[in-house]
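Asks: One structure is given below, represented as C-alpha cells, and several questions about it will come after.
Number of protein chains: 2
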Amino acid sequence: MAFSEFRPLDEKVLIEYIKATPSLSSQLNNNFDNLTIKEVGDGNLNFVFIVVGSTGSFVIKQALPYIRCIGESWPMTKERAYFEALALREHGGLSPDHVPEVYHFDRTMSLIGMRYLEPPHIILRKGLIAGIEYPLLADHMSDYIARTLFFTSLLYRNTTDHKRAVAEFCGNVELCRLTEQVVFSDPYKISQYNHWTSPYLDSDAEAIREDNALKLEVAELKSLFCERAQALIHGDLHTGSVMVTHDSTQVIDPEFAFYGPMGFDIGAFLGNLILAFFAQDGHADEQNDRKAYKDWILRTIENTWNLFDRKFVALWDTNKDSGDAYLPAIYNNPGLLQLVQKKFIKDLLHDSLGFGAAKMIRRIVGVAHVEDFESIADASKRAGCERRALEIAKLLLKERRKFQGIAEVILAIQQVQ
Amino acid sequence: MAFSEFRPLDEKVLIEYIKATPSLSSQLNNNFDNLTIKEVGDGNLNFVFIVVGSTGSFVIKQALPYIRCIGESWPMTKERAYFEALALREHGGLSPDHVPEVYHFDRTMSLIGMRYLEPPHIILRKGLIAGIEYPLLADHMSDYIARTLFFTSLLYRNTTDHKRAVAEFCGNVELCRLTEQVVFSDPYKISQYNHWTSPYLDSDAEAIREDNALKLEVAELKSLFCERAQALIHGDLHTGSVMVTHDSTQVIDPEFAFYGPMGFDIGAFLGNLILAFFAQDGHADEQNDRKAYKDWILRTIENTWNLFDRKFVALWDTNKDSGDAYLPAIYNNPGLLQLVQKKFIKDLLHDSLGFGAAKMIRRIVGVAHVEDFESIADASKRAGCERRALEIAKLLLKERRKFQGIAEVILAIQQVQ
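What follows is the structure in C-alpha cells.
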C-alpha cells in the first residue's frame, strides 16, 4: 500500500499499512495473529509504535510536521524522516552492531520501519540516572563514533562523493537551524524559551548572557557547525539517543544528521556524560552515595575518548591510501603521518570539548533540559549540581585549546567543587 | 535559436547564433553590418570571441569539455560555464562596478554572452609585468572582495539560503578537484605535471616535497578548502583574472566559484601581487630599476588588505542585524561586536596568508606558472626571483598565525634577500 499523501498514523491505519507492505509484513512472517501495538513516542516530535507479533517485531516511527516543546508547537518539516532514514542506513552500514536495521522507509508518510530494540534495552540516560554501569559502553560508542565519522570524511572518501553527499544533506537545514537556535543562540540571550532552576541559577544564567569571552568562543563553534562539512554526523548524540543493555549499545534518532564537524557528535556524547556525572550527587541517598558510580562515569568518558582515538587512528592507518585529504604520495612517511594524526586528534579534542560544553550549557539554561537534573526533586540541591556543571562547561568552552589530552579534562572535572 | 546539443563554436555558427538570440542581437541593436569577430581565447579552457559591431559589442565565452595544460589534455566538465554564469551574476549584483554584465547564458552550449571589456583594458598581470601603476586598484579590489564575500556569507545571510546555495555550488566539484590537485597536492609530491626553473631550483623543489612542517600546514588549508563553506568565492582570483585600465578594475573568469573559505580569494590576489613583486628584479633594466614600482606593489598589497578590512567591517556594522552568524540579541553591544570583528579579521588574515602562500608555491614548482616569472628570459636570474618568492611563501605558510597585521607581512617581504 502506498498512501498518496501524508496521514498521521493510528492503530487501525497502521495495521492496514503493515498488511499491505511486504517489507514490514515479512518481518512478522505474515502472521498477524496476536499482534500487539503500543504507541510509546513522547509525542514531542514523532509517533513511535512498537509492533510485536508471535513471530516477529519492529518499530514504526513517523515524523509529525511539528515539534512540541514546553507546550509550544513549532512547525518542523517531516522531511526529517528522510534524512533520518538516510543516516540510519549509512551509519548502519558502517556500524551495524550499534545501529538498528531499517526495514522500510516511506517518504510520503515520513515513516520508518526498523528493528525493535526489545527489553531490557533502555535509554542510556535513564540507566545513568539509575546508577547502572555498562561495561561495554565506552568500547561500543567509541566504535560507532570512530567508524561513522572516519568513513564519511575525506580521510576515506574522495571529494566528488563527499560534495554529492554534502549537497544532499544540505536539505536537512530546518533541523540544523533548530540546533543553531537552541544550542548556539538562545542560552546566550533573553529568550521566552529559556528556563532554569530559578531563583537559584538566576545570576548564573545572567552571567552566561554577559560573558563576552564565552560568546566569542560560541560564535566560533557555531560557525564550524554551520560551515564545516567534515563528516556525516548524527547531530544529536546525547545519552537520550542511545539505547543500552549490559551487552548491547544502539544509537537511534539521527534525524538531525548532516555533514558537520566531527566534534559535535563526540562532544554531545561526552558532554552528556559530564552532565550525568554532576547529577549523581542529586541522586545519592543513604543506600548509595554514588561515589563509585561517579568514578565509573569518569572512566567511561576517558575510555570513550581514548578508545575513539586509538580506533580512529587505526582506521586511518589501515586506509591511509584512501581519501582525498592526505594523499599517500605526500603524507605516507611514518614520521609525517604520525605528526598529522596527532594534530588532527588534538584539534578534534578541542572541537569536542567546545561543542560538548555548549551542549551542557544549553541543557541547564536553555529550552530543553535533561532528566538527569530534572529528576532531582529538591530544587536547591538540583541547582547546586547544575551550577557545578555550568562551571566546568564554561571552563571547557573558553579554555579548550589548553587541554593536551582527556586525562587533563577528567582532572578538571574532579576539581570542580 | 537553441541548439539541442552542445556544438563548439566557429565564426559562422556564432553569427547564426547571435542573429537568433534576442539578448545578444539587441546588444548590437540588431545591426549586423560591419561585424568583426575575433577569437582571443588562449585555447586552454575556452573559446573567447570578441564581437564588435558598429553600434554595440560583447564577448562570447564558450567552455570546452577539456582543458589543455603543457600539452596534456584533461577532460573537464563544460558545466563549469553554468557556475561561472551563476557567479558572474551573483557577484555582479553585489559589485556591479567590478564585474562585467552577463547578457546571455546558454547551458546546453556552455556559452556566456557578456560585456566586452574594451581597450585599453588589459590583464592586470601584464600591466604588472610592464610596470604600470594602477592608483585605484587597491580601492577597487578591496571593494569587490569585501562586498562579494560579506554578502554571500552568514554575516549577511540566513542558514536556509546559505545551505541552498552551498548545495547548488557543490555541483562545481570537478573544478574544485582541479584546485585541490594543482594547489594542495602536486607541488608537495613527485608529479609528471610539475616543473620549475631547472637545474637552479631542483633542490628548492625537493626541499618543499620534504618539508614536513609545511605539508602539515598545507593539509589544514586543504581541509578548509574542501570543507568550509564560508562564502561564494571566485575560486581563482589571481592577477590574470582581473582586467584593468587606469580607472577601471574588472574581475572575470569565476568558473572555479563555489562556497569555500574567504581567505582563498584574498590570498590568491595578494599572493599573486607578491609574485609580481619578486619578479620585478627580473624586469629591471638600465632605464628602470623598478624600485619605485616594487614599492607601489607593496603599498597596493597593504592598501588592499587595509581597505578590505575597513570596508568589510563597515558592511558588518551597517548590516549587523542581518545574517545568522552573530545575532544582534547576543552580539550587539559595542565592546563585544568589536572583539568579534577583530578576531574574525585576524583569523581571515591568517587564512589569507596561508592560501596566498600555497598559491605562490604552486606557481613556481607546480604545473601552471605565471608570466611574471616566465617572461624573465635569463633562467638564472628568474630562478633567483623565484627562490626569494618561495622563501617568503614558506615563511608565510608556516608562520602565518604569528602575523598581527599586514604591515608585518610587508616587512617580512622586504627582508627577503
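Sequences listed follow chains R and S, in order. Numbering of the first sequence is given in UniProt numbering, commencing with residue 1 and proceeding in unit increments. Numbering of the second sequence is given in UniProt numbering, commencing with residue 1 and proceeding in unit increments. All residues carry an ideal CB built from backbone N, CA and C; glycine is no exception. Quick caveat: nothing in here was measured; it's all calculated off a predicted structure.
1. For a cutoff of 7 angstroms on Cβ pairs, would you count residue 419 (chain R) as touching chain S?
2. Is the region 78-98 of chain R close to the region 232-241 of chain R, with three or more CB pairs under 8 angstroms?
3. Listing by chain order, which chain R residues have their CB less than 8 angstroms from the CB of Y331 (chain S)?
4. Please state whether the Cβ-Cβ distance between R147 (chain S) and L224 (chain S) is less than 7 angstroms.
5. Do we get a CB-CB distance below 7 angstroms when we pair C385 (chain R) with the residues of chain S?
6. At a CB-CB cut-off below 8 angstroms, which residues of chain S make contact with R164 (chain R)?
7. Does the beta carbon of K320 (chain R) come closer than 7 angstroms to any beta carbon on chain S?
8. Measuring only the C-alpha atoms, how far is F256 (chain R) from A383 (chain R)?
9. Counting only the same chain and skipping the five closest in sequence on each side, list residues whose C-beta sits under 7 angstroms from that of G240 (chain R).
10. Could you pull out every residue in the same chain whose Cβ sits closer than 8 angstroms to the Cβ of V340 (chain R), ignoring the five residues on either side in sequence?
11. Quick check: what's the CA-CA separation for P135 (chain S) versus R107 (chain S)?
12. Check whether the Cβ of V365 (chain S) lies closer than 7 angstroms to any Cβ atom in chain R.
13. For K320 (chain R), which residues from the same chain have a beta carbon less than 7 angstroms from its beta carbon, with the 5 sequence-adjacent residues on both sides left out?
14. In angstroms, rounded to a whole number, what distance separates the CA positions of W305 (chain R) and K381 (chain R)?
15. Helix, strand or coil for Q414 (chain R)? Go by DSSP, reduced to three states.
16. So, do the region 161-170 of chain R and the region 156-173 of chain S have three or more beta carbon pairs nearer to each other than 8 angstroms?
17. Return yes when the Cβ of D324 (chain R) is within less than 7 angstroms of the Cβ of N194 (chain R), no when it is not.
18. When you compare only the Cα positions, how much space is there between P254 (chain R) and H238 (chain R)?
19. Would you say S203 (chain R) lies against chain S (beta-carbon separation less than 7 angstroms)?
20. Taking the alpha helix (DSSP H) that Y17 (chain S) falls in, what are its first and last residues?
21. Could you check whether the Cβ of T152 (chain S) sits closer than 7 angstroms to any Cβ belonging to chain R?
22. Can you have a look at residue 476 (chain S) and say buried or exposed, based on whether 16 or more other CB atoms are within 10 angstroms of its CB?
23. Quick check: the Cα distance between R290 (chain S) and R387 (chain S), rounded to an integer number of angstroms?
24. Curious, which full-length alpha helix (DSSP H) runs of at least 4 residues does the region 277-338 of chain R contain?
25. Are at least three pairs of beta-carbons, each pair with one atom in the region 265-285 of chain R and one in the region 352-361 of chain R, less than 8 angstroms apart?
26. Going along the chain, which residues of its own chain have a beta-carbon closer than 7 angstroms to the beta-carbon of L390 (chain R), five neighbours each way excluded?
27. Taking the alpha helix (DSSP H) that D97 (chain R) belongs to, which residues open and close that run?
28. Please list the partners that E180 (chain S) has in chain R, where partner means a Cβ-to-Cβ separation under 9 angstroms.
29. For the region 228-261 of chain S, which residues have a beta carbon sitting closer than 8 angstroms to at least one beta carbon of chain R?
30. For E79 (chain R), does the three-state DSSP call read helix, strand or coil?
31. Taking the alpha-carbon positions, what's the L14 (chain R) to R80 (chain R) distance?
32. Report the CB separation of P8 (chain R) from F47 (chain R) in whole angstroms; it is logged as a contact under 8 angstroms.
33. Would M114 (chain S) pass as a contact of V99 (chain S) if the rule is Cβ separation under 7 angstroms?
34. Is there a Cβ of chain B sitting closer than 7 angstroms to that of S185 (chain S), yes or no?
35. Are there 16 or more other CB atoms within 10 angstroms of the CB of N288 (chain S), so buried, or fewer, so exposed?
36. Can you check DSSP and say which residues form a bridge with R74 (chain S)?
Replies: Result, derived from the coordinates:
1. Within the shown structure, residues of chain R are numbered from 1 to 417, placing residue 419 (chain R) beyond reach of any answer.
2. In this structure the region 78-98 of chain R lies against the region 232-241 of chain R, because at least three pairs of beta carbons, one per stretch, are closer than 8 angstroms.
3. Scanning chain R for C-beta atoms nearer than 8 angstroms to the C-beta of Y331 (chain S) yields K215, A219, reported in chain order.
4. Judged by their CB atoms, R147 (chain S) and L224 (chain S) are not nearer to each other than the 7 angstroms cut-off.
5. So no, C385 (chain R) is outside the interface.
6. Neighbours of R164 (chain R) in chain S, taken as residues at a C-beta separation under 8 angstroms, are given in chain order as C170, V173.
7. With 7 angstroms as the cut-off, K320 (chain R) does not count as an interface residue toward chain S.
8. Using only the alpha carbons, I get a separation of about 30 angstroms.
9. Cβ neighbours of G240 (chain R) beyond the five flanking positions: I123, R125.
10. Scanning its chain for C-beta atoms nearer than 8 angstroms, with the 5 sequence neighbours on each side dropped, one finds around V340 (chain R) the residues Y326, Y331, in chain order.
11. Their Cα atoms are separated by approximately 38 angstroms.
12. Cβ-Cβ to chain R under 7 angstroms: no for V365 (chain S).
13. So the list reads P328, N332, L337, once near-sequence residues are dropped.
14. Going by C-alpha positions, W305 (chain R) is about 30 angstroms away from K381 (chain R).
15. The three-state reading of DSSP puts Q414 (chain R) in helix, counting H, G and I together.
16. By the Cβ rule, the region 161-170 of chain R counts as touching the region 156-173 of chain S, because three or more pairs are nearer than 8 angstroms.
17. Contact annotation: N194 (chain R) and D324 (chain R) have beta-carbon atoms that are not nearer than 7 angstroms.
18. Whole-angstrom Cα-Cα distance: 11 angstroms.
19. Judged by the 7 angstroms Cβ criterion, S203 (chain R) is not in contact with chain S.
20. It spans 11-19 - the alpha helix (DSSP H) in which Y17 (chain S) sits, taken as one unbroken run.
21. Judged by the 7 angstroms Cβ criterion, T152 (chain S) is not in contact with chain R.
22. Chain S is shown only over 1 to 417; residue 476 (chain S) falls outside these bounds and no answer can be derived.
23. Looking at the backbone, the Cα of R290 (chain S) and that of R387 (chain S) are separated by about 19 angstroms.
24. The qualifying runs are 291-318, 328-331.
25. With a cut-off of 8 angstroms, the region 352-361 of chain R and the region 265-285 of chain R count as touching, because enough Cβ pairs lie within range.
26. Around L390 (chain R): D204, I361, I364.
27. Judged by DSSP secondary structure, D97 (chain R) falls outside any alpha helix (DSSP H); it is assigned neither H nor E.
28. Per Cβ cutoff of 9 angstroms: T159, D324.
29. Within the region 228-261 of chain S, R228, A229, Q230 place their CB atoms closer than 8 angstroms to a CB of chain R, listed in sequence order.
30. In the structure shown, E79 (chain R) adopts coil according to DSSP, grouped into three states.
31. Taking the straight line from one Cα to the other gives about 20 angstroms.
32. Contact between P8 (chain R) and F47 (chain R) holds, with the beta-carbon distance rounding to 7 angstroms and staying under 8 angstroms.
33. When the beta-carbon positions are compared, M114 (chain S) and V99 (chain S) stay at least 7 angstroms from each other.
34. Considering every chain present, this structure includes no chain B. Its protein chains are R and S.
35. Under this definition N288 (chain S) is an exposed residue.
36. The sequence given here has Trp at residue 74 (chain S), not Arg. According to DSSP, W74 (chain S) bridges with S:I67.
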